[in-house]
Every structure is written in C-alpha cells, then in structure tokens.
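Asker: Below: one structure in structure tokens.
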Amino acid sequence: MTQIGINDQQESTPIVAKVLRELVETLLLAFAIFVSVNIITARFKIEGNSMLNSFQDGQYIVVNQLAYRFHTPERGDVVVFVPSVNTTTTFWENILGRPGQTDYIKRIVATPGDIVEITSGQLYVNGIQKFEPYLHEPMMIRETQQWQLEADQYLVLGDNRNYSKDSRTSHIGPVTIEQILGKVSAVYFPFRDAHIVKRHTYQN
Numbered sequence: 055m056t057q058i059g060i061n062d063q064q065e066s067t068p069i070v071a072k073v074l075r076e077l078v079e080t081l082l083l084a085f086a087i088f089v090s091v092n093i094i095t096a097r098f099k100i101e102g103n104s105m106l107n108s109f110q111d112g113q114y115i116v117v118n119q120l121a122y123r124f125h126t127p128e129r130g131d132v133v134v135f136v137p138s139v140n141t142t143t144t145f146w147e148n149i150l151g152r153p154g155q156t157d158y159i160k161r162i163v164a165t166p167g168d169i170v171e172i173t174s175g176q177l178y179v180n181g182i183q184k185f186e187p188y189l190h191e192p193m194m195i196r197e198t199q200q201w202q203l204e205a206d207q208y209l210v211l212g213d214n215r216n217y218s219k220d221s222r223t224s225h226i227g228p229v230t231i232e233q234i235l236g237k238v239s240a241v242y243f244p245f246r247d248a249h250i251v252k253r254h255t256y257q258n
C-alpha cells in the first residue's frame with residue numbers, strides 16, 4: 055500500500071490550485087476574445103442568388119459591425135441589413151444571432167439626399183447614369199422607378215437585380231443606418247472563394 059506523507063499532500067495542493075487558476079483564466083480569456091470578436095464582426099451564410107456574381111449561394115462572409123461607427127456608408131459598399139425598421143435586437147442577439155430573423159445582403163447605390171431613377175433598366179443617380187460592372191445581367195428593360203432619398207435613407211439593390219428583393223419592393227424600400235448591421239469585409243468559406251471585399255468606386 056502506498057503511503058502519502060503530510061508534506062506530499064501540502065505540495066500537491068498548491069499545484070492543483072495553480073492548475074485550476076490557469077484553467078479559469080484561460081476560459082475567461084477565451085470568453086473575452088469571443089465577445090470582443092463578435093462585437094466587432096459577425097459571420098453570415100449567404101442563402102440565395104440575389105448577389106450573383108459578386109457572392110455565391112452557400113458562401114460565408116465576415117461583416118464589420120463597427121464600420122459605420124466612425125464613417126458613413128458610401129455608394130458601392132456591400133452591407134448586411136435588417137429588412138424591417140421595426141425589428142429590435144438585444145446585445146446577445148447581435149452576438150449570437152436573431153432566431154427566425156433573415157438579414158439581407160445588398161449593395162448601396164445611393165446615399166441620403168440622392169435622386170435615384172431606374173429608367174428602361176438603367177440606373178441614374180442625380181441625373182448621371184451609373185456604370186455597374188458587377189451586375190449579373192442587365193436589368194429588365196421595363197424596369198422603371200424613382201426615389202428622392204431622405205436625410206437618413208440609403209438605396210440598396212442586389213447585383214443579380216432581376217432576381218433580388220431589395221429597395222425596389224414596397225415592404226423593404228430605402229433603408230436607414232439603424233437597419234444596417236455592418237459592411238461586408240470578406241468571404242472566408244469555401245476557402246477557394248476567400249477574398250477581401252472591396253467597395254466599388256463609381257467613375258461618374
């Protein structure tokens with residue numbers, strides 16, 4: 055039978071306490087990192103083809119949730135937004151996601167104060183036709199709409215415009231900064247598709 059002396063017991067107690075302390079510290083650090091990363095960024099899976107060819111169904115994206123804390127959204131930004139202005143979220147829902155909530159990914163084509171017109175399938179902002187190389191295909195020729203954006207409104211459209219529910223539909227319309235969850239910064243999965251998402255700069 056093995057006997058343990060008093061000194062052996064005294065030596066083992068500090069070791070156990072040290073291991074437990076390091077374990078707790080590691081867990082707290084991991085939790086702090088998890089919360090910090092999820093406050094700054096969010097991950098989404100793209101479902102559907104409304105943003106072809108820029109984004110594909112099944113891709114995973116990273117969204118910078120602090121992008122518009124310091125800068126205002128710009129034309130050409132790709133954003134994720136809550137389609138309903140009446141939707142409210144809690145701190146933990148922003149981190150873990152909102153059950154049953156479907157967020158949309160679209161491109162900002164016009165900003166507050168802009169006069170926007172779609173005529174015969176062509177986009178005009180403040181009377182200037184916009185060249186949109188990211189479109190999956192030309193808009194349908196019968197497409198005709200017009201907006202005068204208010205001081206807090208952004209017009210968001212899909213890149214696969216003929217198959218996109220966006221600001222052109224009455225139940226979405228122009229969105230406000232409160233609805234925008236963040237700016238899409240990267241595609242990270244599948245790995246073969248991984249890349250940084252750059253804002254399209256309009257030449258006119």
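The sequence shown begins at 55 in this note's numbering and counts up by one.
By construction, the Cβ of each residue, glycine as well, lies at the ideal position given by its N, Cα and C atoms.
Just the Cα atoms here: how many angstroms apart are R123 and V70?
Answerer: Residue 123 sits at position 69 when you count from the first residue of the sequence shown. Residue 70 sits at position 16 when you count from the first residue of the sequence shown. In a straight line, the C-alpha of R123 is about 45 Å away from that of V70.
Asker: When you compare each of V210, N216, V241 and Y178 to Y158 by their alpha carbons, which one comes out closest?
Answerer: The count along the sequence shown starts at 1 and reaches residue 158 at position 104. Residue V210 is the option with its Cα nearest to Y158.
Asker: With DSSP as the reference, please indicate the residues paired to A164 in a beta bridge.
Answerer: For the purposes of this step, residue 164 is taken as the residue at position 110 of the sequence shown. Partner(s): L209.
Asker: Going straight from the alpha carbon of I231 to that of I115, what length do you get?
Answerer: Residue numbering aside, residue 231 sits at position 177 when the sequence shown is read from its first letter. Residue numbering aside, residue 115 sits at position 61 when the sequence shown is read from its first letter. About 20 Å.
Asker: Given a cut-off of 8 Å, decide if G212 and K160 are closer than it, judged by their beta-carbon atoms.
Answerer: On the sequence shown, position 106 is the one that residue 160 refers to. On the sequence shown, position 158 is the one that residue 212 refers to. Yes; because the gap between Cβ atoms is below 8 Å, this pair is in contact.
Asker: To the nearest angstrom, how far is the alpha carbon of L106 from that of E128?
Answerer: The residue you call residue 106 lines up with position 52 of the sequence shown. The residue you call residue 128 lines up with position 74 of the sequence shown. One C-alpha to the other measures close to 21 Å.
Asker: Since A121 is in the beta strand (DSSP E), which residue starts that stretch and which ends it?
Answerer: On the sequence shown, position 67 is the one that residue 121 refers to. Unbroken run through A121 is the alpha helix (DSSP H), A121 to F124; no beta strand (DSSP E).
Asker: Which residues does DSSP list as the beta-bridge partners of F243?
Answerer: As a position in the sequence shown, residue 243 is number 189, starting the count at 1. DSSP lists Y114 as partners of F243.
Asker: What are the partner residues of L5, as DSSP defines its beta bridges?
Answerer: Here the chain comprises residues numbered 55 to 258, so residue 5 is not present and cannot be evaluated.
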